[in-house]
Amino acid sequence: MPQLTNGAGGGGPRQAGIDRKLRSGSGPVVNAPPVVLVTIGILIAIHVAILLGGHDWQIWTLYAFALIPARFQGPGAIAMIEGSQYWSLVTYAFLHEGWLHVLFNSLWLLVFGTPVARQLGTLRFLLIALVSALGGAFAMLILFWGTPIIAVGASAAVSGLLAAAIPIMFGGAYGPLSFREFLRDRRAIIFLVVFLVMTLASSVQWLPGFADGARIAWEAHLGGFVAGLFTYFVISREGVRRA
Numbered sequence: 000m001p002q003l004t005n006g007a008g009g010g011g012p013r014q015a016g017i018d019r020k021l022r023s024g025s026g027p028v029v030n031a032p033p034v035v036l037v038t039i040g041i042l043i044a045i046h047v048a049i050l051l052g053g054h055d056w057q058i059w060t061l062y063a064f065a066l067i068p069a070r071f072q073g074p075g076a077i078a079m080i081e082g083s084q085y086w087s088l089v090t091y092a093f094l095h096e097g098w099l100h101v102l103f104n105s106l107w108l109l110v111f112g113t114p115v116a117r118q119l120g121t122l123r124f125l126l127i128a129l130v131s132a133l134g135g136a137f138a139m140l141i142l143f144w145g146t147p148i149i150a151v152g153a154s155a156a157v158s159g160l161l162a163a164a165i166p167i168m169f170g171g172a173y174g175p176l177s178f179r180e181f182l183r184d185r186r187a188i189i190f191l192v193v194f195l196v197m198t199l200a201s202s203v204q205w206l207p208g209f210a211d212g213a214r215i216a217w218e219a220h221l222g223g224f225v226a227g228l229f230t231y232f233v234i235s236r237e238g239v240r241r242a
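Just so you know, numbering that gives the first Met the number 0 puts 167 at position 168 of the sequence shown, and the rest follows in order with no gaps.
In structure tokens form, the structure reads like this:
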């Protein structure tokens, strides 16, 4: 998607320098901010470490760090590790069901996290990812309260970064779209509708690697998307101005 590279920096001098390097062939092979690459590296490293730990370690990791709505009903609701319910609102995003899961999330993180990190910087990139992960977790808790299901994956955080990337990608030479411009931009709305349709369609259990009864948690995707879009417009009001 050429718009990701050309529109990511809003036409600023830093982005112009990156574009010149890319055209000259002297730029990096992967033109992504360090925070994006480090985040992807952490996700993959955690997945490898869990796999190398063996079956017992994998089971313990799930119960300790995955999001399980049933454990929030109170002590004794289900046999879980005491106290783990609070940090699991975030730590579930660092666990994945398999290689296909972690690689897909890493790919979309690279694609949509890059323009967000380049436009807003490291701290606000991480803030959007964090709030989006929490948004996905709360969506799962609301819709599956008391249910002993296990939710894992960075998809909610990635969905939030995707949402934040929309006004950046479609902003053009004058910088990212404002909230009002976003609501009036036909391309942004079409992109939004396509995402929502794909998210709802993902509830169908047909993807390879999910044939064991697991499914894509579209609820977390949607919760992360809404949280990410809201957070973007809140934190970008002072840092991004249009000419």
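Don't be surprised by glycine CBs; every beta carbon is placed ideally from N, CA and C.
Owing to the predicted nature of the structure, the values given are computational and were not obtained by experimental measurement.
| Query | Result |
| --- | --- |
| Is it true that the stretch 165-173 meets the stretch 182-192, where meeting means three or more beta-carbon pairs spaced less than 8 Å apart? | yes |
| Could you give the uninterrupted runs of the beta strand (DSSP E) lying entirely in the stretch 109-147, keeping only those of 3 residues or more? | none |
| Please list, in chain order, all residues of the same chain as Ser131 whose beta carbon is under 6 Å from its beta carbon, the five residues on each side excluded. | Ala155, Ala156, Gly159, Gly223, Ala226 and Gly227 |
| Grab the span of the alpha helix (DSSP H) containing Leu181 for me, first residue to last. | According to the sequence as given, residue 181 is Phe; it is not Leu. It spans Phe178 to Arg183 - the alpha helix (DSSP H) in which Phe181 sits, taken as one unbroken run. |
| Closest by CA to Phe190, which one among Ala163, Ala69, Tyr173 and Gln57? | Ala163 |
| Does the distance from the C-beta atom of Ala136 to that of Leu195 stay below 7 Å? | no |
| Is Leu94 helix, strand or coil when you go by DSSP? | coil |
| To the nearest angstrom, how far is it from the Cα of Asp55 to the Cα of Leu125? | 32 Å |
| Residues in its own chain within less than 7 Å of Ala138 by CB, not counting five upstream and five downstream? | Glu218, Ala219, Leu221 and Gly222 |
| Does the stretch 51-71 come close enough to the stretch 97-115 to have 3 or more Cβ pairs within less than 8 Å? | no |
| Shortest alpha-carbon distance to Phe232 belongs to which of Thr198, Gln118 and Val192? | Gln118 |
| Considering only the beta carbon of each residue, do Ala92 and Ile149 sit closer than 7 Å? | no |
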